[in-house]
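J.: Structure in structure tokens, see below.
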Amino acid sequence: MTVIRSLAFNFVFYVNLIVQMLFWTPYFFLSPRHRAWMVPKFWSHSSLWLMEKLAGTKSDVSGLENLPRGSFILAPKHQSFWDAIAFFPYLRDPLYILKRELQWIPFFGWYIMKMRMIPVNRGKRSVALKQAVADAKREMADNRQLIIYPEGTRRAPGDEPAYKYGIVEIYAQLGLPVVPVAHVAGLYWPRRKFMRYPGTIHARFLPPIPPGLDREEFMTRLVAVTEAACDQMLIEAARSRNPPPMPPTAVKRLRELGERDAGNSG
309 MTVIRSLAFN
319 FVFYVNLIVQ
329 MLFWTPYFFL
339 SPRHRAWMVP
349 KFWSHSSLWL
359 MEKLAGTKSD
369 VSGLENLPRG
379 SFILAPKHQS
389 FWDAIAFFPY
399 LRDPLYILKR
409 ELQWIPFFGW
419 YIMKMRMIPV
429 NRGKRSVALK
439 QAVADAKREM
449 ADNRQLIIYP
459 EGTRRAPGDE
469 PAYKYGIVEI
479 YAQLGLPVVP
489 VAHVAGLYWP
499 RRKFMRYPGT
509 IHARFLPPIP
519 PGLDREEFMT
529 RLVAVTEAAC
539 DQMLIEAARS
549 RNPPPMPPTA
559 VKRLRELGER
569 DAGNSG
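If you're matching positions, the sequence shown starts at 309 in this note's numbering and goes up one per residue.
What follows is the structure, given as structure tokens:
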């Protein structure tokens with residue numbers, strides 16, 4: 309049954325994406341950027357609603373009181389496509405740093421350019437980081453909220469943290485608070501797999517890290533608070549009544565946390 313529900317959701321998810329892109333195109337491109345954000349935010353809500361109804365996977369995002377007013381940096385864990393669409397509806401005018409190749413996708417890339425995202429050439433890391441910081445400074449002056457994934461690429465739940473230096477440089481250069489985001493969405497919407505497992509994806513906006521910290525102190529604090537919250541969520545998911553299949557990385561981490569009998573290997 310889980311396979312059938314996963315297939316049904318995946319099919320409807322992409323149909324919903326294509327239909328909404330086509331349907332909203334006139335309104336989206338003729339509207340000011342702030343008003344046009346209604347379209348991708350509506351698509352996000354509808355996608356998560358479809359996931360709940362078809363795959364049985366609910367989404368629960370908490371900690372909204374930790375989001376500062378005005379400009380700030382949002383730093384989520386990156387485990388799944390879920391965390392690419394679940395958070396921007398809570399922000400007034402979000403901004404992503406993303407690989408430039410996404411701009412080349414018909415319709416999708418046009419939407420990205422309309423929202424003034426920051427494309428980077430990941431093949432030239434030092435040059436890309438310098439340009440991304442300059443572009444982010446310009447955009448954040450317009451009271452936007454920057455979403456950046458500190459680990460750069462999707463990693464499996466429970467995997468060893470691999471935070472990149474880019475988040476440190478952006479934090480130091482922009483002088484803005486950073487809001488870490490903890491979740492274990494990869495248990496329910498795994499990377500590179502079509503399966504969607506029933507349950508509830510819990511995510512939490514953690515208290516913001518204030519600007520002005522030393523680079524090393526900031527990185528240490530970001531990793532510590534994010535990973536501690538993710539560990540707790542991993543334990544809670546493993547102890548739940550109907551836990552999702554646990555990848556080897558999650559099983560290993562649970563054992564390190566003393567949860568030797570929690571969850572099941574998937």
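Every residue gets a Cβ at the ideal spot worked out from N, C-alpha and C, and that includes glycine. Nothing here was measured: the structure is a model prediction, and the numbers come from that model.
#1: What separation, rounded to the nearest whole angstrom, lies between the Cα atoms of Arg-529 and Val-487?
#2: In the structure shown, what three-state DSSP assignment does Tyr-322 receive?
#3: Would you kindly work out how many angstroms separate the C-alpha atoms of Ala-490 and Lys-385, rounded to a whole number?
#4: Are three or more beta carbon pairs between the stretch 467–477 and the stretch 495–505 nearer than 8 Å?
#5: Out of Phe-415, Arg-424, Pro-348, which one is the CA nearest neighbour of Tyr-404?
#6: When burial is assigned at 16 or more other CB atoms within 10 Å of the CB, is Met-421 buried or exposed?
#7: Could you have a look at Pro-348 and say whether DSSP puts it in helix, strand or coil?
#8: Considering only C-alpha positions, which residue in the set Tyr-479, Met-359, Pro-469 is nearest to Gln-453?
#9: Of the residues Lys-407, His-510, Arg-341, Gly-364, which one's Cα is nearest the Cα of Glu-447?
#10: Could you check which residue in Asn-550, Pro-516, Phe-331, Pro-551 has the C-alpha nearest to that of Pro-375?
#11: By DSSP, does Asp-368 sit in helix, in strand, or in coil?
#12: If you draw a straight line from the C-alpha of Met-527 to the C-alpha of Glu-459, how long is it?
#13: From the DSSP output, which residues share a beta bridge with Leu-403?
#14: Report yes or no: do three or more beta-carbon pairs, one from the stretch 340–360 and one from the stretch 320–328, lie closer than 8 Å?
#15: According to the neighbour-count rule (16 or more other Cβ atoms, all chains shown, within 10 Å of its Cβ), is Ala-532 buried or exposed?
#16: Quick check on this structure: which residue in Asp-368, Arg-408, Asp-401 has the alpha carbon closest to the alpha carbon of Trp-390?
T.: Let's see:
#1: 11 Å
#2: helix
#3: 6 Å
#4: no
#5: Arg-424
#6: exposed
#7: It is helical.
#8: Tyr-479
#9: Arg-341
#10: Rather than Pro, the amino acid found at residue 375 in this sequence is Leu. Looking at the Cα atoms, Pro-516 is the closest of the given residues.
#11: strand
#12: Roughly 12 Å between the two C-alpha positions.
#13: Leu-454
#14: yes
#15: exposed
#16: Asp-368
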